[in-house]
């Protein structure tokens, strides 16, 4: 699977661990930055990963900032993105099963490395359940900005 990864400076270390883990698992990793712990703005990287997934340059994405919240909010501004902040295997699995999320967002300040790697594995390996959830996900896509 082709998976985009992105982070701000506060998520750089965890993003690096995740990218290496995904690569070792045989996925094609597209690293959209940042490339250090030097201060940058998370909206730039949230937008970049959102556009990469929405445009089909990657099948899924994993984004990291300090909390996992800001980068998620930025990614969700891109049409076609369903980004979710996840904290563990259960939240990662359920956001795929029920919400067809295409970007998982994690917080380096809140999530340990092994928990994050396990959550990413669940996110990548879980398929959308469809059924009654497809109608609901469709409604999300129908919402237009006011």
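In our numbering, the protein residues as written are 4 to 149.
We put the beta carbon where it would ideally sit given N, CA and C, even for glycine.
| Query | Result |
| --- | --- |
| With residue 31 and residue 5 assumed to form a contact (beta carbons below 8 Å), what rounded beta-carbon distance in angstroms separates them? | 4 Å |
| Which ranges does the beta strand (DSSP E) cover as unbroken runs of at least 3 residues, wholly within the stretch 66-116, from first to last along the chain? | 86-88 and 106-110 |
| With distance defined between alpha-carbon atoms, name the residue in 74, 22, 138 and 143 nearest to residue 83. | 143 |
| Here's a check: name, in chain order, each residue in its chain whose Cβ is nearer than 8 Å to the Cβ of residue 154, leaving out the five neighbours to either side. | Since the first residue shown for the chain is 4 and the last is 149, residue 154 is missing from the structure and cannot be characterised. |
| Quick check on residue 149: buried or exposed, where buried means 16 or more other Cβ atoms within 10 Å of its Cβ? | exposed |
| Can you name the start and end residues of the beta strand (DSSP E) that residue 31 belongs to? | 31-34 |
| Suppose you measure from the CA of residue 99 to the CA of residue 42; what does that come to, to the nearest Å? | 31 Å |
| Relative to the C-alpha of residue 112, which candidate in 14, 9 and 91 has its C-alpha closest? | 14 |
| Would you check if the distance between the CB atom of residue 52 and the CB atom of residue 106 is smaller than 9 Å? | yes |
| Using C-beta distances below 6 Å, list every residue in its chain close to residue 63, excluding the 5 sequence neighbours before and after it, in chain order. | 6 and 105 |
| Answer yes or no: do residue 139 and residue 101 have a C-beta to C-beta separation smaller than 9 Å? | yes |
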